[in-house]
Every structure is written in C-alpha cells, then in structure tokens.
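What follows is a set of notes on a single structure, which appears directly below.
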Ligand code: ADP
C-alpha cells in the first residue's frame, strides 16, 4: 500500500473557499465515547492510582469529548511490572512466532473491521479531515500491523565460521520491556509504527499516547485484547509528559528501551533521562524540510506537491515541506498557481466530508502558529495568503493556510519548526545556492526535489542531509520503507526491517568444540 497524499488536498476545482458545516451522519463512536476511559494494565482496564482524569477536546468545536484516566508514576510502575512479568514468564515469549504473527494479523483485521469508527475517533480527537483519517491513518495502521506480523516469523540469527574450535552463532532476541511515547499528529499511526516492530520481535510495551489525543489508542487497546494478546504484553498509560507518565517512562529503571516521537527539546530530555539505566533510545523529532522546485519541473505537479507538503494534516507533520525553494524564473507563475489553488481549499470541521483543512490540534498550537506568523511579518517576509485565524469560524483552533514569500533562509520562519500550515517561500538563482541553503538547517528529516532532469534529481537526493528524499512527489510512505532523521531530527530508523533493529539485541554464543 502506498499512500501518497490524500483526497483532502486534491481539490475539486469547482469548490470555492467556504466554511464547511458538519453533516448529519451516524456517529459510530458514540458508544465508545460514553464508556469510561481507563488505563490498560496487565490485560485489564483500571483507574489511575490517583483517581485523576483529564479532558480531551474536539479541536473543531472546543467541546469536551470525554474524560480519560490520568496515569502517573505509580501507574507506569504497575504497567512496567506487568510488562516485565509478561516478558519473563508469560506465554508471549514461549508461543511460536507464527502464533504471534496470527495475533497481530487479528488485530489488523479488527482495526479494518472498525475502520469507520476509528476514523471518526481520530478526526474528533485530533481535528484532521475525515477523509484523511479514512484513507491515510486507518489503512496505513492496518498495513503497518500486517507488514510487521510478517516479520515475526522471519527473524533470524546467523552462524559464523570464525574458528573451527568453536561453533559460533548469534541469536536475535527482543530487548524486553519497551516504553513508547507518541505525539498527537498521527495518534493511531504512530502507535502502529511503535507496536508493529516491538511486538513482532517479542517485546512487551508500555505506551503513552499524547495527552491531546488519547482516544484511538484506547479503542485499539480494546481491539488488542480481543485479538488475543496475552495479559501484560500491551499496556497503555494515558496522561501527560513532563512531571508525569512520560517522564516516569523515560526515567524508569526497568524499561530496556524508549522509543519517542515528538519535539526536539523533549527528545533531549528523553536522552538525558535514559542515563538512569542507560536504556536504549530511538528518536524521531522535528524537521524543516526543503522542498525544491527547479524550472524544468512539471509545475502543476509541483504546485500540488507543495500543497500536500505543507497543508496535509494542517501542517502538523514532522516531515512537512515548510521551506519551498523556487527557481527565480518560475517564481511568479508558481505563486499564482499556488495561491489560486489554496484559495479553493475548504477549511472546516474534520467531520465534514468536504473539508480539506481542519483545525490545529489545540489552542496552544493555534497560538504558537499565530505567534510565528507575527514573527515572520516582523522579519520582513511578505504575506501572500492567510496569516490569521479565519474570522468566520466562531469556534475551534483554526489557522488559515498561510504562505510567506520573499523569505530569507536565515529568518526564524525558515529555521524553526512551526508545525502548522505556514509555508516559507525562498527564491533561488543557482544550483549551488539552493544546494547550500537546503542543508542550512539543524534538522534533517526529509526533503524533496522537483525536476525532469534525472541527474539533477539524483545529485540532490544524495546531497540533502535528510533521512527521506522525495523526487517529484511528497509525503509518500510505505511500512516497508525506512523513515527517520539526520542531525537534530533524531536517530534510529522506523519502518522497514530497520525498525526491527531498534527492538532486538544480538547475542553471540560460543560453543567449545575442542576434544
Ligand atoms: P508537542 O509539544 O508537540 O506536544 P512533545 O514532544 O511535548 O510535543 O510531546 C510528544 C509526547 O511526549 C507526548 O506524548 C507528551 O506527553 C510527551 N512528553 C512531553 N514532555 C515529556 C517529558 N518531559 N518526558 C517524557 N515525555 C514527554
């Protein structure tokens, strides 16, 4: 399955900018929303030790969707104990890898069976357009579990002909108890990226979803129990990061590995905390991707790619193409086409099928983005469109799709991650100039090049210091293709076989064959 970008940004040309209204439609997740939201520890749903709960909001309406158990340090301790027991003495390690694969496949089937309900949960909790939840998040989640279920039966060690006096082989073993801390931009997909390889390799997990979007993980937790994961293999602690459940995971002495996706400054704290027991860490952090369009490119395709690059998921994407480098002689033509197309994007509630761009996830994010817009104006960038919250939206954390031209790569708007629908357009004259500027960033998660010249494409693909390069496309993903960062975008590769490396240890065994 290859998901390139999504219906929501493939604009139907007949539609003008308008405010979408939620259509009456069966709310499949109503029953789920009304149930208590507890922590999943040792195969059971339980309240937090403190008894505390927190609200999760619909960012399109600012209404409370439901309350969720607020896990803290003691709950993390309980979950880690359960995971440790499940790992050391439970049936999970003893069962055949084929059985492990079957349970993972059953979970994938159950997610698929409840696809519409899960898509609604994701859209209500995160705000993203329902067509993105339906056609990107849910199917990619399913495919990720299926892909990694396949890996469970294919893990191997090796024999090494080092010395005839010894029989030497390697065993590939699970690392043990894994803490996984995920963000709010792709809640269920990040869960799948984390659980898939960890479970395939035989680990037991303690997951902390982001406090803004805890719901899809809880629903998938229910489906995981139905799929037959033994008690303690999967634990879910909803709650906060700093001074709370997230921090407890990163400091925990009995967690063998932490996988984290989120902000770079949180990533640094996770690394510092890991020194408590020198647990292994993998990090997928922010980005400030260069999206480079040469004059010889298919301009219409590049315009669509620029839109996908920055407005998909309201710009809340770590690999967003937030720096658009345009060759000077196509700059004006490109900008005309780009702003015309943006003008046709419908902004509204994610639950409306016609919505192309929904609200930001929270008030905090909306304010942060509007603040960056102010910074860009102050730096002298020229506003081509957007630049504010839409006045017609009375409720919700919306920011209009925003483009700045005349940006200089040294400006803050070109260097700092905005994590919103804000594009910085930087004109360039020569190949050398853009080659230098593309890498002038502390991040290195992704980049893209638009050109019909194969040689130029390959040159830039190897030149850009980033973990993923797209040529004449943007935001294309597949569970089999690795994803991760250079520089301050983190380390370790998720997806593909590389993710298995994150969740396994290699043990060398020497057998004395001498008489
Ligand atoms: P954002 O600022 O975009 O929400 P974060 O990096 O703060 O990104 O959040 C990503 C995940 O990290 C969330 O699950 C959050 O609760 C968690 N988190 C935040 N701060 C910490 C921390 N100090 N230690 C561990 N986890 C944290």
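Residue numbers (this note's numbering): 223 to 737.
For every residue, glycine included, the Cβ atom is placed at its ideal position computed from N, Cα and C.
For clarity, every value in this text was computed on a predicted model and none was experimentally measured.
Item: What is the rounded straight-line gap between the Cα of residue 442 and the Cα of residue 363?; Value: 10 Å
Item: How far does the alpha helix (DSSP H) with residue 588 in it reach, from first residue to last?; Value: 585-600
Item: Use the C-beta contact count for residue 382: other C-beta atoms within 10 angstroms, 16 or more gives buried, fewer gives exposed.; Value: exposed
Item: Please state whether the Cβ-Cβ distance between residue 474 and residue 302 is less than 8 Å.; Value: yes
Item: What residues match up with residue 277 in a beta bridge as DSSP calls it?; Value: 289
Item: Assuming residue 265 contacts residue 453 (C-beta within less than 8 Å), just tell me the rounded distance between them.; Value: 3 Å
Item: Work out the CA separation of residue 341 and residue 636 for me, nearest whole Å.; Value: 33 Å
Item: Following the continuous alpha helix (DSSP H) through residue 335, name the residue where it begins and the one where it ends.; Value: 319-335
Item: When the Cα atoms are used, what is the spatial distance from residue 610 to residue 503?; Value: 38 Å
Item: With a cut-off of 8 Å, do at least 3 Cβ pairs link the stretch 339-358 to the stretch 457-475?; Value: no
Item: Buried or exposed for residue 280, please, with buried defined as at least 16 other CB atoms from any protein chain shown within 10 angstroms of its CB.; Value: buried
Item: Name the residue from 547, 297, 517, 491 whose alpha carbon lies nearest to the alpha carbon of residue 528.; Value: 547
Item: What is the DSSP secondary structure of residue 360, reduced to helix, strand or coil?; Value: helix
Item: If you compare alpha carbons, which of 500, 479, 498, 508 is closest to residue 489?; Value: 508
Item: Which word fits residue 731, buried or exposed, when buried means at least 16 other C-beta atoms lie within 10 angstroms of its C-beta?; Value: exposed
Item: Whole angstroms is fine: what's the gap from residue 727's alpha carbon to residue 394's?; Value: 6 Å
Item: On the criterion of 16 or more Cβ atoms from any shown chain inside 10 Å, does residue 322 qualify as buried, or is it exposed?; Value: buried
Item: Can you find the residues in the same chain that come closer than 7 Å, C-beta to C-beta, to residue 599, ignoring five residues on each side of it along the sequence?; Value: 605
Item: Are there any heavy atoms of the ligand ADP lying less than 7 Å away from the beta-carbon of residue 468, as far as the coordinates show?; Value: yes
Item: Could you pull the DSSP bridge partners for residue 646 from this structure?; Value: 545, 626
Item: In or out: residue 573 buried (at least 16 other Cβ within 10 Å) or exposed?; Value: buried
Item: Starting from residue 530, follow the alpha helix (DSSP H) in both directions and report where the run begins and ends.; Value: 521-533
Item: First and last residue of the alpha helix (DSSP H) that includes residue 654?; Value: 653-660
Item: Go ahead and label residue 680 buried or exposed: buried means 16 or more other beta carbons lie within 10 angstroms of its beta carbon, across all protein chains shown.; Value: exposed
Item: Is residue 672 a contact residue of the ligand ADP, with contact defined as CB to any heavy atom under 7 Å?; Value: no
Item: Is there at least one Cβ from chain C nearer than 8 Å to residue 325's Cβ?; Value: Judged by its chain identifiers, the structure shown contains no chain C, having just a single protein chain.
Item: Where residue 617 and residue 282 are concerned, what is the direct C-alpha to C-alpha distance, given to the nearest angstrom?; Value: 7 Å
Item: Run the proximity test for residue 638: is its beta-carbon closer than 7 Å to any non-hydrogen atom belonging to the ligand ADP?; Value: no
Item: For the putative contact between residue 275 and residue 292, defined by C-beta atoms under 8 Å, what is the C-beta separation to the nearest angstrom?; Value: 6 Å
Item: When the Cα atoms are used, what is the spatial distance from residue 719 to residue 366?; Value: 12 Å
Item: Grouping DSSP H, G and I as helix and E and B as strand, with all else coil, what is residue 726?; Value: strand
Item: How long is the line joining the alpha carbons of residue 709 and residue 487, rounded to whole angstroms?; Value: 14 Å
Item: Let me confirm a value: residue 413 is counted as buried when at least 16 other C-beta atoms fall within 10 Å, else exposed. Which label applies?; Value: buried
Item: Under the criterion of a Cβ to heavy atom distance below 7 Å, does residue 492 qualify as lining the ligand ADP?; Value: yes
Item: In whole angstroms, what is the alpha-carbon distance linking residue 290 and residue 439?; Value: 12 Å
Item: For residue 419, tell me which candidate among 400, 409, 575 has the shortest Cα-Cα distance.; Value: 400
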